[in-house]
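S.K.: Below you will find the structure I want to go over with you.
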Amino acid sequence: MNPPRFEPLAAGGAAVPERAAIVLQRKKIDALNITILKGGGFGVGKWATDHGFRLTPDAPAVLDFYAKRSPIFMAVEFDSKRARARGERVGDSIPVHLVIPTSRPWVPLRILALGTKPTHAVDADVFLLNDQAPALLPIPRGAPWIGPAARGLNLRVSEPASPELLGDLRADRGMDWLPKSGMWLTYLQVRATASQLRYDLAVDPSGRGRPSPVDAGLAPPAHAAVTASGHSLWGLWVGVGILAMAAVAVLARERRAGRMAV
Amino acid sequence: MEMLRARRVAAAAALVLLLAGCAASRADPLDGLRTVHVTIRWTRFHPSLFSFPDGTTVRFVIHNTDPIEHEFILGSKRVQDRVEHTAHLSHDGSVPGQITVPPGAVRRTTYTFGTPGTVLLGCHLPGHYAYGMRGSVLVSG
């Protein structure tokens, strides 16, 4: 093992080039302060620490893991004062509706284990709505596809979405784009330990049956970060509640006023 | 005889592995101090194993490539335990071998390895030592 070589440094110099994250959007939703960022693992992590987020020891590795796949991150701050003023209580959830144009959707699961011990139990529910039955990677237990099943990922429902469900979802604000029929519902349960959760969920909704091992975190990206494509994605709507929070759960912030969002 | 030869080969292999795992260093032409560069990445020291003769004074140049703050604390197990279990303070470098390294920054600290034995290395920000941010220095007589 040889020590890395560095150029001569001035006293107190920088170990890495400054690549600051760019703030793309800020939004307040109920008691949440949401910031959409674009940048690499270091830039996004530095932005977070500069803004009072306390990152756990595994955060640098996890941020780099995701930055190689997408440069877009979302930081969420929970404002306990605002929550108290709104009358919200422990256990209440705040749904967040995200529109992410991409032809290669994937669901971040590994991040659910951020900052936990290897034996920590991770429970989450993932709902997918697609034009047709999607192909998934890693293969969940209970799926009809051939291949080794992922530990801790279980397929519970795979069926045409009922008109009642679609009608109920269409009734939510901003959801009238959803078709009244012809959608496919997939429901997955994550019941894993943190040490098992070393993957994300790649989704191929095209019908070609080829979800990306890179998007699933099972193979390293060949090139730089995957960028969001310009193609609109109306065929995918990724759940509510838990799933949104899974996507949201990038960074935790603790404020003097109270506890933070995860 | 064969067993003895196998033992010698194993001992030689172990020595090679130990040397390969240790940091290379060189004397600074200005002050003659040994200088060792240590990179922090993903909450780990690279390298994390060192070996020096007793009485050696080493200048450590620590490059923190992580977006979070880290510490570089050299000392005995007692020192490591004390820093781990006391209220966290920032280490400004006034104590040899103890320094805080901000995100993306480079810091230097100098330490003299006095007597033969093992000196430990660690970061004691919450959860970091348990996560595995540690190393050791073998001081030979």
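In order, the protein sequences belong to chains A and B. Its first residue numbered 1, the first sequence is counted upward by one per residue in my numbering. Its first residue numbered 1001, the second sequence is counted upward by one per residue in my numbering. Built from N, CA and C at the ideal position, the CB exists for glycine as well. Given the structure is predicted, the values throughout are model-derived calculations rather than measurements.
On the CB-based measure, 16 or more other CB atoms within 10 Å of its CB, does Lys180 of chain A come out buried or exposed?
M.R.: That one is exposed.
S.K.: Is the separation between the beta-carbon of Ile1068 of chain B and that of His1124 of chain B shorter than 8 Å?
M.R.: Their beta carbons are not under 8 Å apart, which means Ile1068 of chain B does not touch His1124 of chain B by this criterion.
S.K.: Looking at the C-beta of Ile1073 of chain B, does it have a partner C-beta in chain A at a distance below 8 Å?
M.R.: No - not a single Cβ of chain A is within 8 Å of the one on Ile1073 of chain B.
S.K.: Going by DSSP, name the residue or residues bridged to Arg191 of chain A.
M.R.: Its beta-bridge partners are A:Asp123.
S.K.: What separation, rounded to the nearest whole angstrom, lies between the Cα atoms of Arg1134 of chain B and Gly1122 of chain B?
M.R.: Straight-line Cα distance between these residues: approximately 4 Å.
S.K.: Between which two residues does the alpha helix (DSSP H) containing Gly45 of chain A stretch?
M.R.: First-last of the alpha helix (DSSP H) with Gly45 of chain A: Gly41 to Asp50.
S.K.: Count the other CB atoms within 10 Å of the CB of His1088 of chain B; is the residue buried (16 or more) or exposed (fewer)?
M.R.: Exposed is the call here.
S.K.: For Thr1118 of chain B and chain A, any beta-carbon pair shorter than 8 Å?
M.R.: Chain A, which has no Cβ nearer than 8 Å to the Cβ of Thr1118 of chain B, makes this no.
S.K.: What distance in whole Å lies between the Cβ atoms of Pro60 of chain A and Trp1042 of chain B, which are believed to be in contact at a cut-off of 8 Å?
M.R.: Right, their Cβ atoms sit about 5 Å apart.
S.K.: Taking only three categories from DSSP, how would you classify Leu1033 of chain B?
M.R.: In this structure, Leu1033 of chain B counts as coil in the three-state DSSP scheme.
S.K.: Specify the secondary structure class of Ile34 of chain A as computed by DSSP and reduced to three states.
M.R.: Three-state result, Ile34 of chain A: strand.
S.K.: Kindly indicate the opening and closing residues of the alpha helix (DSSP H) around Tyr199 of chain A.
M.R.: Careful: Tyr199 of chain A lies outside any alpha helix (DSSP H) and carries neither H nor E.
S.K.: Rounded to whole angstroms, what is the Cα-Cα separation between Gln319 of chain A and Ala1027 of chain B?
M.R.: A question about residue 319 of chain A goes unanswered here, because the residues of chain A that appear run from 1 up to 262.
S.K.: Please identify the residue among B:Pro1126, B:Leu1120, B:Val1139 and B:Val1137 whose C-alpha is closest to the C-alpha of Gln1080 of chain B.
M.R.: Gln1080 of chain B has its Cα closest to that of B:Leu1120, out of B:Pro1126, B:Leu1120, B:Val1139 and B:Val1137.
S.K.: Take Leu1033 of chain B as the anchor and find which of B:Gly1127, B:Phe1113, B:Thr1065 and B:Gly1093 has the nearest alpha-carbon.
M.R.: Leu1033 of chain B has its Cα closest to that of B:Phe1113, out of B:Gly1127, B:Phe1113, B:Thr1065 and B:Gly1093.
S.K.: At 9 Å on the CB atoms, spell out the chain B contacts of Asp131 of chain A, in chain order.
M.R.: Ordered by position in chain B, no residue passes the 9 Å Cβ test against Asp131 of chain A, which lies about 39 Å from the chain.
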